[in-house]
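Trainee:
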Amino acid sequence: MLPALIPIIPFISAFLLMLGWKRLSRIATAVLGCGSIGLAALVAVIIAIQFAGNAEQAVVQHATNWVLAGTFQAGIDFRLDALSVVFVLVITAVGFLIHIYAAGYMHDDPDYARFFACMNLFVGAMLTLVMADNLLLLYFGWEGVGLCSYLLIGFWYKDPANGYAARKAFIVTRVGDTAMAIGLFMLFQYAGTLNIPDILGKSPQLWTTGAPVVTIIALLLLGGAVGKSAQLPLQTWLPDAMAGPTPVSALIHAATMVTAGVYLVARMHVLFELAPLAETITAVIGAITLVLAGFSALVQTDIKRVLAYSTISQIGYMFLALGCGAWSAAIFHFVTHAFFKALLFMAAGAVIVALHHEQRLAKMGGLRKLLPGVYWVFLIGCASLAAIPFVTAGFYSKDQIIWLSLSATHGHVALWLAALLGALLTGMYTFRMFFLVFYGEAKTAMHHRPGKSMMIPLYILAVLSTIAGFVELPHTMGHVTLFSNWLHPVLPEVTVTNDSNAMEWASQAMSALLAIGGIGLAYAWVLLRPKGMSDFLEMPAIDWLRKYWARGWDFDYVYNILLVHPYIHLSRMNRKDLVDKLYTGLATLMQWCHNVLARTQSGLLRWYIMAVVLGAVAVLSVLIWRIYI
Amino acid sequence: MMGLTFYIAAAIAVIATVMVITRYNIMHALLYLVVSLLAVAVVLYLYGAPFIAALEVIVYAGAIMVLLIFFVMMLNLGKESAIQEQQWLKPRIWIFPSLLCLVLLGELVFLISQNHQPPSAIKVVDPKAVGMALFGPYMAAVELTGILLMAGIVGAYHLGRQKEKTLHRFLEN
Amino acid sequence: MSFVDFLSLGPLITLCAASVIAMLLVAIWRNHRIVYSFAIIAFLMSMTAVIPAIIYIPHPVPPLLVIDEFSLFNTGLILTAGLIILLLSFNYFEEREERKEEYYLLLILATIGALVLVVSRHFMSLFLGLEILSISLYGLIAYLRARARSDEAGIKYLMLAALSSAFLLFGMALVYAFTGHMDFPGIGAALRQAGYLPVSVMAGFGMMLIGVGFKLGVVPFHMWAPDVYEGAPLPVAAFIATISKGAMLVLLIRFYQDIQGNNYPMLWWMVAIIAVASMFAGNWLALTQQNIKRILAYSSIAHMGYILVAFLSGVQTGLEALAFYLVAYFITSIGAFGVVIVMSSSLQDAETMADYKGLFWRYPWVATVFTAMLLSLAGIPLTAGFIGKFYVVMAGVNGHQWFLLFMLAINSVIGLYYYIRLVATMFAVPAPGQQTTVVPALPIAGNITLGILTVLLIGLGVYPTAMMQLIQQMMRILS
Amino acid sequence: MNIHPTTAGMLLAGILFVLGLISILVRRDIIFMLLSVEVMLNAAGLAFVVASAHWGRADGQVMFIFILAMAAAEVSVGLALILQLYHQLKTLDSDEAAKMNG
Amino acid sequence: MILLVLLIVLFAAALLSWIAGAKSHAACRWIALCSLLFNLGIVIRIWLAHTAISGRWWYQYKIDWVPHFGISLHLAMDGLSLLMLALTFFLGALAVLISWKELQTRVGFFHFNLLFVLCGITGVFLTMDLFLFYFFWEMMLIPMYFLIGIWGHEHREYAANKFFLFTQAGGLLMLLAILGLYFVHAANTNVYTFNYFELLNTPMEGTTARWLMLGFLVAFLVKLPAVPFHTWLPDAHTEAPTAGSVVLAGLLLKTGAYGILRFVLPLFPAAAAEIAPLAMLLGVAGILYGGMLAFAQTDLKRLIAYTSVSHMGFVLLGAFAFNEIAYQGVVMQMITHGISTGALFIIAGALYERIHTRNLWQMGGLWLRMPLMGSAALIFVMASLGLPGLGNFIAEFLILLGSWPASHLFTILATIGLVIATAYSLRLMQKVFLGPCDRQYAMRDLNGRELVIIISLVIVICWLGFHPQPVLNTTQNTAYVIR
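Residue numbers (the numbering used here), protein chains in the order written: chain A, 2 to 630; chain B, 193 to 365; chain C, 6 to 484; chain D, 24 to 125; chain E, 11 to 493.
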């Protein structure tokens, strides 16, 4: 089989959709759009099965040469190893489900074909990203998903706000990409290649652990990852990205693209292992992000923004894991997160559609009766997100991270505490949202019920959100390590310094309790004592804090003040180009000289004679001056 | 020998010329100019050029100045032009040009008096030698002078003719 | 005068005889066409007379004149230029003046003056040639007596020319007084013998420079140029711009070579200052000028500055460049004036920018020629002006005159502005109803002449080799 | 009084020359200007004769004759031109003849 | 000889189309188009014939012109020339196509000028004689001046004059430098020649070399244009007719870049290495400053014009990095910038023709009416911000990759330029095609002819993005020189 087919199928279908444009019927469009992803998923599954037999060996396919300039070479080479197979499977599978959902969700949109074209293009680019054998091709996918993200956030282009959000997403991630590009230049300078296996193979010989160069390279790559994965300090674009259609949010801004950063760090793990400082920074960024985003999610008033902040927060967990050297834990959380977050987004989408495109939590409520199907899947999603012990996939993945943040070699108590705080917050914001949406009184009339094509993917994802966790159980609870075994050829196993079972139990208990405690708090907040809570929230200090969190800790504000506004003002001020003034001035000077001289040309004969005499005096004066003085 | 005579003649020439350039009435100026030219003729004679001195008197003072005088009389430039000239010749007008010229004069005098050649007596060149030169090596120049005068005559003839009363229809601008 | 002298001076003598015959002809039978034809024949004969003169070169005619390659080349150049100006004159004068015949007589006389300058190597012939030229020009400039401005131009030229002649004469007298010679080789020998340059001689050169500078129209003796160009009949302006200046330049070169002016840095300095000042003044003055004649006057001031750069380069290439530039400048200037002549109606001269607005779309041929001429003045490739400027710059680089070259470069850019402004005017798309009322005469003879000039212009621009070789040969003799 | 005779003569010529120059500069009447030019030309001629006396050669004097001829021609054309101008402008003010400028 | 044919065909076609223009507009357009396609065909045939690396100089042609000065009509072609010529004829043909319907006044003279300027550009890319180079360099200005000055927009005269004066000023300095080199060479070897190959190894003092190099460099920087000599460009690009803008942005700027690669670096390697930091600084300044100006513009064509300043900054940066990767990137950038900016100008021109404004504030939401044009614009906007998969990315990546070892700081700053590029590119897209559509413009989407133009450009830019190897191979021989 050809691994190259996996990304190429979506590309071809995107191309066909672009060509077909408005000539294709809706059904044809949907079939082409979903079918291609389905086909890709099928191919991926088949390859994965084949691959499973011989997981030690990566499958590399050289499609064609791409760039060969001087000593630089990069081909269009696809590579499938354990890590990329996981990503490919998740992308194609979740992507397929979301496409099916979208076929229903976007049914009334006039730009149906454009939507699917962009979605397919995105899947193709994302698959290229995770299957790239060299960093240039990875960069291609990286920017490609950025483009699709831009196109899809701004899909409803008539509203300038959407356009703004789209541009913000593109530009902010581009800042990260810049860092990454510089990282690539440095890598090429030292390693002489951008081929990933070569770099990973060479780097231990090139650098000793903690060498400044490798630290800088790792940090630059981290910069790219941080941008794409909406981590601090480049997280500001993601909440705004919710301007796009909900399937887009589900696919791009929750399940797949935003985890590209996780993939990159995991992929280049050797560099990070050589740079402990970079790892620590990764972990710290993850920890801080997950807490800050958790607080922000707590106070959002828009259902999609809650989910957006929750995504930032959960990716924070993944970064925390990466930083602790718990590579497989991060990837595991990526998988479960893809399932339950896609589920939550699509369920939220169903709610939004049902309420006639109402996204404000304040206008929701009492949907438990009206949308029972959605209620149940949403509940499963929330439970998984909040990591309800034992029954949810989220519990197993997140719990592993929390435990490892303490016990792994790079772990630290502070990180662990942050992770625990995050668990509490997760429980709280998730269920605050849940209660607000489904309990209480209905505040908005029902518009229309989600159709089958929207519900079936939800059910499938709900199942996955529940059972996916059982592939990897902590050794306190059965010790299943299917997942980490699978990844073992690619990613090293985490080294645990403190593997006392008691500690692990304690940690698990803490996290479970905190999650449940968070749910309890949310219950108290929303349902039990809404009056008291709102009184509490209206205290000035609390109110300020709430708004501050809701604004995402004012990162946008600071960036605007420090960077965006000065740049815009400066460029506006200089619209006419100061340098041009120089030349205009020169022209004016010439004109002035002309005017002065033209005045000497007065037409008066006596003045002309005077000029001759002046000339004579000048000539003789120069003479005397040169000879005698 | 020539000292005193030269200085007297030179003084007369300078004074007469100063009078020329300060007179308002053109007639007076012309007459002073004749005086100045006669004084220069004396100087020329003293510098061993009797033939040239004679030419100076005959052609310059005689012919050219008389031509000018006739011209002035023809145009009948009388008192009013003198008054006008008086109005024009304000110190404000003449002071700067005069100063400028005096600077020039100073420079000239300075440069001329930097002469380091050995002093030599004035050598008389008699008219015969002048004639020999004129019609010997400088024959071509004499012929060219003929051309020069012809140009002068033709030019003066063309320009000096009274305009015909009837103009061409296109030329009434 | 021997037979060889006669043969060598053939062109000059032919023209002198022609002037006398022409005068008699006018006296006997006043007819424009006849005199015009006679003048053309006279020029052609004079040009033919150049050929036998070649046999005996170099042939000095002591003490006044010298016939060598250099003077014959320039004689040919001046006669050709004169002939072309003559060809352009007929229609111009036909309608403008009731007495047109003296014009040809004066033109012949002025050309004689220029030829004398070209062949002279003595103060006397210099002076006489200059004065023949000047006095004929007084008549020529003020020739159209009906025009108010022509008198004004005439009187300005006359006063300034007389003044500068006085300076020239006084300077010559100073030089003579302290060297005892009036012929150039003699002066050179005397100076070499003295071993230094006496101050008074220096002063003499300085004062002569005023006379020369006036004729060349360089700063600060340039002020007459625009007024005279504007007031004079167009062919006369063309004559002043080319032949009068060219002859003076040729004389300057000869004088400079004979006294070995390169040995006297003082002279170099004076000319350098004048050159730079001329470039700037000419170009600045032309910058937003609206009158074409005045633009051409200012442009010629600047071009004299450029030529002086070649002159100052102090290398053999410089003289070659000067000669080539002169040829290119002759063609271009006469061409430019030719266009203005052709464009002028019998009613008035086409001298304002407005007359040329959108010309390309009405008379593409004339506009193309004018564009070619302007681009040549600006020094754009495919034209003789380009090669000329290239040659000059080459000489400058060869002589390491970086400062002068830099000035030249700056000035070329400033100059471009007004040339291109004129071109732009011609190519501007006229708004409907904005057509000018001037109906150009566009005589056939004029058009043919312009055609020849354009061919020459582009020919020299594309294949300059032949002309370069000729000049190189000629200059080798001179040095 | 032991000034070099040649120098003395040249100085006289120079003084006359500059006086003529002053005159041409300060006068507005065109006839006066023409007159002043004559003074200057005459001074130049004087200089030639002085030089000729210094060297004992005839060519300076020959030059004087040519200057004389030139002055005559100049005056005749000049007067004709002034006549024209007078008819045109009804004045001899040189400042009036300043229609062209710029 | 084949090289001379390229020139003669264009020159003859120029004259012919002028003459034909008086009779029939169609005939004159067809003559122009056919001559350009003919030349394109020749160039492509040469290209295909020389895919294998077969020596550096493929064709040479030399006859004496002015032997007196050692000037000869010396043409030669290597990979760099070939690529530039291919670009010239391709864009030239498109320029004829764009003006097919838009241009209805003075058609004959227009095509005369267009072909004449292309002839000059062709000459610039082919000559190996410095005098001849200067000759062609100047020759292409006049017709360009007319293209802007006659068929341009409202301030055409100002723009044309500015363009002309700037480039002439630079050109004169180059002339001085050429002559200086000529004499330095003669002083050392006693051979008076303008021949490029003979001048290549002129021994000279450091100071001399520095001044001569500066003379060349300034001329090329003006043409490129680099900050602070760039201010002619926005005016000229904005006011020129569409075909003029395409030729200006696509080709004329490349002559500056070509000059740097062909003359400045090989003729004065030491002096160029000395000035490299400054040149790179100017390049980076161009990238950032140009990008910033582009961001602020309200006139669509002006915005695109400033992006040129920004993109050509990369060329300068890469050219002075002295390394093969950067060099190849520079060549790529020259081509891809020609294609992408040319395409953007074509789109701007097509828009102007429909809505008669270039003001961004009067646009918006045009995607609704013209999705095809919108998609095309999207592609080229993405190309301009350096999206992988399109040619510009390869170019910019190689330049940055190559210039990283030369200067870390400048490379970092230039990479930041990519963010700025994103900002202005997306602003363009937003203001023109996205957002609400307030005005009711009645307009049609791209017609068949425009589609042909745009699609051919899209194909080329994608081809360069995915398979740049033919181009890179072609310049490989030239690039070795730089190392």
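Glycine included, every Cβ here is placed at the ideal spot set by N, Cα and C.
Predicted, not measured: the structure shown is a model, and the values here were computed from it.
Between the beta-carbon of P4 (chain A) and the beta-carbon of F88 (chain A), is there less than 8 Å?
Mentor: No, they are not a contact pair.
Trainee: In whole angstroms, what separates the C-alpha of Q360 (chain A) from that of V227 (chain A)?
Mentor: When rounded, the distance between both Cα atoms is 28 Å.
Trainee: In chain D, which residues lie with their C-beta within 7 Å of the C-beta of T197 (chain B)?
Mentor: Chain D residues near T197 (chain B): none, gap ~12 Å exceeds 7 Å.
Trainee: Can you give me the C-alpha to C-alpha distance between Q178 (chain E) and E148 (chain E), rounded to a whole angstrom?
Mentor: Going from the Cα of Q178 (chain E) to the Cα of E148 (chain E) covers about 8 Å.
Trainee: Starting from the C-beta of V281 (chain C), find all residues in its chain whose C-beta is less than 8 Å away, skip the five residues before and the five after it, and write them out in chain order.
Mentor: Same-chain partners within the cutoff: G310, L409 and M412.
Trainee: Count the other C-beta atoms from every protein chain shown that fall within 10 angstroms of the C-beta of Y468 (chain C), then say buried if there are 16 or more, exposed otherwise.
Mentor: The residue is exposed, with fewer than 16 neighbouring Cβ atoms inside 10 Å.
Trainee: Going along chain A, which residues have a C-beta under 7 Å from V204 (chain C)?
Mentor: Neighbours of V204 (chain C) on chain A, chain order: I628.
Trainee: As a quick exercise: from E:A259, E:H418, E:G396 and E:T137, pick the residue whose alpha carbon is nearest that of Y206 (chain E).
Mentor: Comparing Cα-Cα distances from Y206 (chain E) to each of E:A259, E:H418, E:G396 and E:T137, the minimum goes to E:T137.
Trainee: List the whole-angstrom C-beta distance separating Q509 (chain A) from W404 (chain A), where the pair is believed to meet the contact cut-off of C-beta under 8 Å.
Mentor: About 7 Å; that satisfies the 8 Å criterion.
Trainee: Determine the closest residue to K250 (chain C) out of C:I463, C:N79, C:G464 and C:L475, with distance taken between C-alpha atoms.
Mentor: It is C:N79 whose Cα lies nearest to the Cα of K250 (chain C).
Trainee: Of the residues that make up the region 610 to 626 of chain A, which ones have a beta carbon closer than 9 Å to any beta carbon in chain G?
Mentor: Checking the listed chains, one finds no chain G in this structure; the protein chains it contains are A, B, C, D and E.
Trainee: By the three-class DSSP mapping on this structure, what secondary structure does N499 (chain A) have?
Mentor: The answer is coil: DSSP assigns N499 (chain A) none of H, G, I, E or B.
Trainee: Work out the CA separation of V481 (chain A) and N502 (chain A) for me, nearest whole Å.
Mentor: Rounded to whole angstroms, N502 (chain A) to V481 (chain A) spans 15 Å at the Cα level.
Trainee: What are the partner residues of R361 (chain A), as DSSP defines its beta bridges?
Mentor: Beta-bridge pairing links R361 (chain A) to A:D303.
Trainee: Can you give me the C-alpha to C-alpha distance between M631 (chain A) and I9 (chain A), rounded to a whole angstrom?
Mentor: The question about residue 631 (chain A) has no answer here: the residues shown for chain A are numbered 2 through 630.
Trainee: On the CB-based measure, 16 or more other CB atoms within 10 Å of its CB, does D245 (chain E) come out buried or exposed?
Mentor: When all chains shown are included, D245 (chain E) counts as buried.
Trainee: Please tell me whether A221 (chain B) has its Cβ less than 8 Å away from any Cβ of chain D.
Mentor: True, the Cβ-Cβ gap to chain D drops below 8 Å.
Trainee: Between which two residues does the beta strand (DSSP E) carrying Q62 (chain A) extend?
Mentor: Looking at the DSSP string, the run of the beta strand (DSSP E) that includes Q62 (chain A) is V60 to A70.
Trainee: Give the interface partners of R573 (chain A) over in chain D, defined as CB-CB distance under 9 Å, in chain order.
Mentor: Going along chain D, no residue has its Cβ under 9 Å from R573 (chain A), so there is no contact; the nearest lies around 42 Å.
Trainee: Residues in the same chain with beta-carbon distance under 6 Å from L447 (chain C), minus the five sequence neighbours each way, listed in chain order, please.
Mentor: Closer than 6 Å at the Cβ level, and outside the excluded window around L447 (chain C), lie V347.
Trainee: Residues bridged to N205 (chain E) by DSSP?
Mentor: Bridge partners of N205 (chain E): E:D139.
Trainee: Return the Cβ separation of I117 (chain C) and I137 (chain C) in integer angstroms, given the expectation that the two are a contact with Cβ distance under 8 Å.
Mentor: With a Cβ gap of about 6 Å, I117 (chain C) and I137 (chain C) count as contacting.
Trainee: Name, please, each residue of chain A whose Cβ falls closer than 8 Å to the Cβ of L303 (chain B).
Mentor: L621, L624 and I625, listed in chain order.
Trainee: Just verifying my parser: in three-state terms, what is the DSSP assignment at W75 (chain E)?
Mentor: Strand, per DSSP.
Trainee: Taking beta-carbon pairs under 8 Å, can you tell me which members of the region 234 to 249 of chain B lie near chain A?
Mentor: Hits within the stretch: zero.
Trainee: Beta strand (DSSP E) containing D544 (chain A): first to last residue?
Mentor: Per DSSP, D544 (chain A) belongs to no beta strand (DSSP E); it is in the alpha helix (DSSP H), P541 to A551.
Trainee: Taking the alpha-carbon positions, what's the Y584 (chain A) to V618 (chain A) distance?
Mentor: The alpha-carbon atoms of Y584 (chain A) and V618 (chain A) are separated by roughly 37 Å.
Trainee: Is it right to say Q401 (chain A) is buried, meaning 16 or more other beta carbons lie within 10 angstroms of its own, or is it exposed?
Mentor: Under this definition Q401 (chain A) is a buried residue.
Trainee: Residues in the same chain with beta-carbon distance under 6 Å from A322 (chain A), minus the five sequence neighbours each way, listed in chain order, please.
Mentor: Answer for A322 (chain A): A330, A331 and I402, listed in chain order.
Trainee: Determine the contact status of M269 (chain A) and L195 (chain A), defining contact as a CB-CB distance below 8 Å.
Mentor: No, they are not a contact pair.
Trainee: For the region 136 to 154 of chain A, enumerate the residues whose C-beta is nearer than 9 Å to any C-beta of chain E, in chain order.
Mentor: Answer set for the region 136 to 154 of chain A: L137, L138, Y140, F141, G142, W143, E144, G145, G147, L148, Y151 and L152.
Trainee: Using 8 Å as the cut-off, can you tell me whether the region 162 to 180 of chain C makes contact with the region 27 to 45 of chain D, which would need three or more C-beta pairs spanning the two stretches below that distance?
Mentor: Yes, they touch.
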